[in-house]
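Oh and the sequence shown: position 154 is 211 in the numbering used here, straight run, nothing missing. Yeah, the Cβ is synthetic: ideal placement off N, Cα and C, and Gly gets one too. Fair warning: this is a prediction, and the values are worked out from it, not measured in the lab.
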Amino acid sequence: MAKNTYFRHGTRNEQMLQQSLVDEFIKMFGQEILYIPRKLIRQDYILNEEIITQFDDSFLTYAYFENFEGFAGNGDILTKFGIRSTDEITLSLSRQMFTDFIATQMFGVDGIQVGTRPQEGDLIYFGLTDNIFEIKFVEHETPFYQFGALYTYQLKCELYEYENEVAGTGDIFATQEDEGFVVKYFYDLTTLSGSPEIGELVIGSITGISARINSWNPTERYIELRAPIATADYSEFVVGETLTGQTTGFSINISSFDELDMKDAYAQNIEFETIGDGILDFTERNPFGEFGNRS
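Written out as structure tokens, the structure reads:
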């Protein structure tokens with residue numbers, strides 16, 4: 058059977074018309090979302106992992122929800138660590154809208170990897186349910202070459218699991234509990250000057266390490282720090298070091314710290330450390346060999 062002679066099946070005008078129709082459909086039947094790109098603050102280039110990430114930009118756009126009957130996934134699962142939500146969504150995002158209104162604004166921003174499509178690891182905020190989803194996979198060939206071109210990105214997203222990332226002004230993580238690894242740094246009351254703010258960046262006077270304040274307990278005289286950025290010579294703060302806040306200007310002098318006391322009701326770090334001291338001899342610098350030992 059011959060093709061329709063009124064269509065060339067691949068001209069630029071036909072492709073532009075199809076793109077316009079797709080954009081109009083998404084705006085009519087889609088939902089408003091916030092596209093939140095991920096900034097890479099610190100990476101491990103050996104294991105190819107993102108150690109510290111930050112989310113402080115967002116872009117309003119539209120997307121069509123493919124699973125319109127409700128969230129996909131396995132729902133709420135009861136695990137030994139509590140109830141875990143595994144909601145998933147699949148979104149269709151216009152290529153033209155992403156290129157014209159999102160990608161162009163991200164070019165030149167330090168830490169953001171700008172490509173020709175949405176990136177895995179970026180976040181989607183859905184305001185109707187007040188949920189944040191993480192992009193796990195981007196399908197870029199659905200529908201398959203209508204009129205010889207592609208018009209949408211299909212984003213497969215899972216409910217975001219907070220892992221101690223940092224957000225900017227108007228913190229989107231403000232309502233989420235911080236369960237990341239934190240370290241308590243105790244200080245002498247006589248060295249306290251001013252009052253810190255939660256999320257404030259502090260810098261050590263000796264090591265030059267910077268970290269953010271997770272919480273402050275003036276009664277027990279300690280602050281909890283997270284997301285430290287190590288230097289070439291130091292990977293953690295040292296006793297006797299002065300920490301200075303970069304926003305309020307407060308300062309303290311570290312008297313001791315405890316990196317075993319994690320904010321996790323199921324953690325047994327201290328118990329394992331106590332038992333391990335009676336099994337392994339840590340008086341040597343390298344208990345597993347001779348290299349590095351000094352007598």
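Query: I109 versus G67 - alpha carbon distance; Result: 45 Å
Query: Sequence-distant residues of the same chain with beta carbon closer than 6 Å to S142, five excluded per side; Result: D133, L216
Query: Whether F314 touches G261 by CB criterion (8 Å); Result: no
Query: Inter-stretch contact (C-beta, 8 Å, three-pair minimum) for the segment 302-313 and the segment 238-253; Result: yes
Query: L216 (DSSP reduced to helix, strand or coil); Result: strand
Query: Which listed residue (E81, E71, L117, N61) has its alpha carbon closest to that of G205; Result: E71
Query: Residues that D133 bridges to, as DSSP identifies them; Result: S142
Query: Y102 burial status per 10 Å Cβ neighbour count (16 or more: buried); Result: exposed
Query: 8 Å Cβ shell around V195 - same chain, five flanking residues per side excluded; Result: R174, P175, Q176, E177, Y210, Q211, L212, K213
Query: P285 beta carbon less than 8 Å from that of I270; Result: no
Query: Other residues of its chain near S272: CB distance less than 6 Å, five sequence neighbours each side excluded; Result: E281
Query: Every unbroken beta strand (DSSP E) within the segment 62-128, with a cutoff of 3 residues, ordered by chain; Result: 88-93, 96-101, 106-112, 116-122
Query: Residues sharing a beta bridge with M160, DSSP; Result: One point to set straight first is that residue 160 is Ala, not Met, in the sequence displayed. Looking at the DSSP assignment, A160 forms no beta bridge with any residue, so it has no partner.
Query: Candidates Q153, Y279, S308, of which the one nearest M73 by Cα; Result: Q153
Query: CB contact flag (A129, I140, <8 Å); Result: no
Query: Of the residues L135, G265, E257, E123, the one placed nearest P200, counting alpha carbons only; Result: E123
Query: 8 Å contact criterion, which R95 and D179 should meet: CB distance rounded; Result: 5 Å
Query: Exposure of D290, with buried meaning 16 or more beta-carbon neighbours within 10 Å; Result: exposed
Query: Cβ-based neighbour list, S308, same chain, cut-off 6 Å, excluding 5 preceding and 5 following; Result: S250, T299, T301
Query: For Y92 and E236, the rounded distance between their alpha carbons; Result: With a pLDDT of 36 at E236, under the threshold of 50, the modelled position of that residue is not reliable, and no figure is offered here.
Query: Expected contact under 8 Å - CB spacing of E107 and L97 to nearest Å; Result: 6 Å
Query: Through-space distance from R278 to V259, alpha-carbon basis; Result: 17 Å
Query: Those residues which DSSP pairs with Q211 across a bridge; Result: S149, E196
Query: Which of helix, strand or coil DSSP assigns to G333; Result: helix
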